[in-house]
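Here the structure is laid out as structure tokens; the discussion comes afterwards.
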Amino acid sequence: MFDNICKFLAENFSTDFATWLLGEPISLTELSPSELSLEPIRADALILLESAELVLHLEFQTQPDVNIPFRMIDYRLRVYRRFPQKQMRQVVIYLKETSSELVQQNTFTIPGTRHEFEVIRLWEQPTEVFLRYPGLFPLAVLGQTDDRASTLQQVAQEIIRIPDQRLQNNVAAATAILAGLVLEKGLIQRVLRRDNMRESVIYQEIEAEAQAKGKAEGKAEGLQEGIRQVAVNLVKSQMLLAEVVRVTGLSIEEVELLQKEIEGDL
263 MFDNICKFLA ENFSTDFATW LLGEPISLTE LSPSELSLEP IRADALILLE SAELVLHLEF
323 QTQPDVNIPF RMIDYRLRVY RRFPQKQMRQ VVIYLKETSS ELVQQNTFTI PGTRHEFEVI
383 RLWEQPTEVF LRYPGLFPLA VLGQTDDRAS TLQQVAQEII RIPDQRLQNN VAAATAILAG
443 LVLEKGLIQR VLRRDNMRES VIYQEIEAEA QAKGKAEGKA EGLQEGIRQV AVNLVKSQML
503 LAEVVRVTGL SIEEVELLQK EIEGDL
């Protein structure tokens, strides 16, 4: 979920992210990993944005990942192969504070090869940086602050000032979800209006995914129950257990258990 939220923000507020990370409001568009010839590694966590002169590679991480340095050099070479003339900025952004040494790593090194990339630990970044642009509001509560609840209140006030209602709803929803990394759900719901957030694209996508998952799980449960009932009927008809296994796809242990249950009911 957090990967999707960060990807949504970076792609829909790319100018805000460019201003923060590149120092100027460059217009960026999404670059599909498929354009880099090879299959993407963890495509859900990968964000590639490009302009005519530059490719911005972002990785948002909630947990330390030992594979990050390799992923950075791997994508640097992929982009160079596809766009040898373009500059590239690679930034790993860690969302949640940790004492792991992995979040300090900013190089990939093997004998004869060294590649550097940037690392940002949000809890070390001043919250004021994120209060300047709507696309960065959701990151403020994860920044360097002694009072995250007050910071969330401040973010809520800034969100209210966004004139576009749809934009306001989306930023509020993203803020609520990322705030869940460091604050209790009840506090977040008191500060940010849930009814407004439910109108956001983000919440609608999450609810759609949840409903689809629920339907899929329901179908799977129904199918499994149907297979079980077929197996019960076959066992009752005194079919050989090996044949019941072959017909239903159940394991011999499951069929034997069904047989014991049936015998117990008799």
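Numbering (the working numbering), first residue to last: 263 to 528. All C-beta atoms, glycine included, are put in the ideal place defined by N, C-alpha and C.
Euclidean distance between Cα positions of residue i and residue j
i: isoleucine 309; j: threonine 375; result: 25 Å
i: isoleucine 382; j: glutamine 367; result: 11 Å
i: glutamate 420; j: threonine 437; result: 12 Å
i: glutamine 323; j: isoleucine 355; result: 6 Å
i: arginine 340; j: leucine 290; result: 19 Å
i: phenylalanine 279; j: leucine 364; result: 24 Å
i: isoleucine 522; j: valine 497; result: One detail in the question is off: residue 522 reads as lysine in this sequence, not isoleucine. Each residue's alpha carbon lies about 10 Å from the other.
i: glutamate 380; j: methionine 350; result: 11 Å
i: aspartate 327; j: arginine 333; result: 10 Å
i: phenylalanine 371; j: asparagine 329; result: Reading the sequence as shown, one finds threonine at residue 371 and not phenylalanine. Distance between the alpha carbons of threonine 371 and asparagine 329 is about 12 Å.
i: arginine 344; j: leucine 401; result: 32 Å
i: glutamate 487; j: lysine 348; result: 56 Å
i: serine 361; j: leucine 384; result: 13 Å
i: proline 346; j: aspartate 426; result: 40 Å
i: glutamate 315; j: isoleucine 288; result: 10 Å
i: histidine 377; j: proline 295; result: 20 Å
i: glutamate 286; j: threonine 277; result: 8 Å
i: tyrosine 342; j: glutamine 406; result: 35 Å
i: threonine 389; j: threonine 413; result: 8 Å
i: glutamate 297; j: leucine 320; result: 17 Å
i: serine 462; j: isoleucine 450; result: Here the model assigns serine 462 a pLDDT of 48, short of 50, so the residue's position is not dependable, and the following value carries that caveat. Answer to the nearest angstrom: the Cα atoms are 16 Å apart.
i: leucine 519; j: glycine 526; result: 11 Å
i: arginine 338; j: serine 313; result: 16 Å
i: alanine 504; j: glutamine 491; result: 17 Å
i: glutamine 500; j: valine 507; result: 13 Å
The alpha helix (DSSP H) enclosing residue i, as first and last residue numbers
i: methionine 334; result: 330-344
i: isoleucine 421; result: 410-422
i: arginine 452; result: 447-453
i: phenylalanine 275; result: No alpha helix (DSSP H) contains phenylalanine 275, which DSSP labels as neither H nor E.
i: phenylalanine 392; result: 389-392
Exposed unless 16 or more other CB atoms sit within 10 angstroms - verdict on residue i
i: valine 517; result: buried
i: leucine 502; result: exposed
i: glycine 397; result: buried
i: leucine 311; result: buried
i: serine 513; result: exposed
i: proline 331; result: buried
i: threonine 369; result: exposed
i: glutamine 387; result: buried
i: glutamine 352; result: buried
i: phenylalanine 392; result: buried
i: isoleucine 422; result: exposed
Proximity of residue i and residue j at Cβ, strictly below 9 Å
i: leucine 293; j: lysine 358; result: no
i: cysteine 268; j: leucine 440; result: yes
i: glycine 430; j: isoleucine 424; result: As written in the sequence, residue 430 is glutamine, which differs from the glycine given in the question. Yes.
i: valine 403; j: arginine 410; result: yes
i: alanine 418; j: valine 453; result: yes
i: asparagine 495; j: asparagine 274; result: no
i: leucine 318; j: leucine 271; result: no
i: isoleucine 489; j: threonine 510; result: yes
Residue interval of the beta strand (DSSP E) (run including residue i)
i: arginine 383; result: 380-383
i: phenylalanine 322; result: 316-323
i: glutamate 312; result: 308-312
i: arginine 351; result: 349-356
i: isoleucine 288; result: Looking at the DSSP string, isoleucine 288 is not in any beta strand (DSSP E), and its letter there is neither H nor E.
Contact with chain D by residue i, beta-carbon distance below 9 Å
i: threonine 291; result: Here chain D cannot be found, since the structure has a single protein chain.
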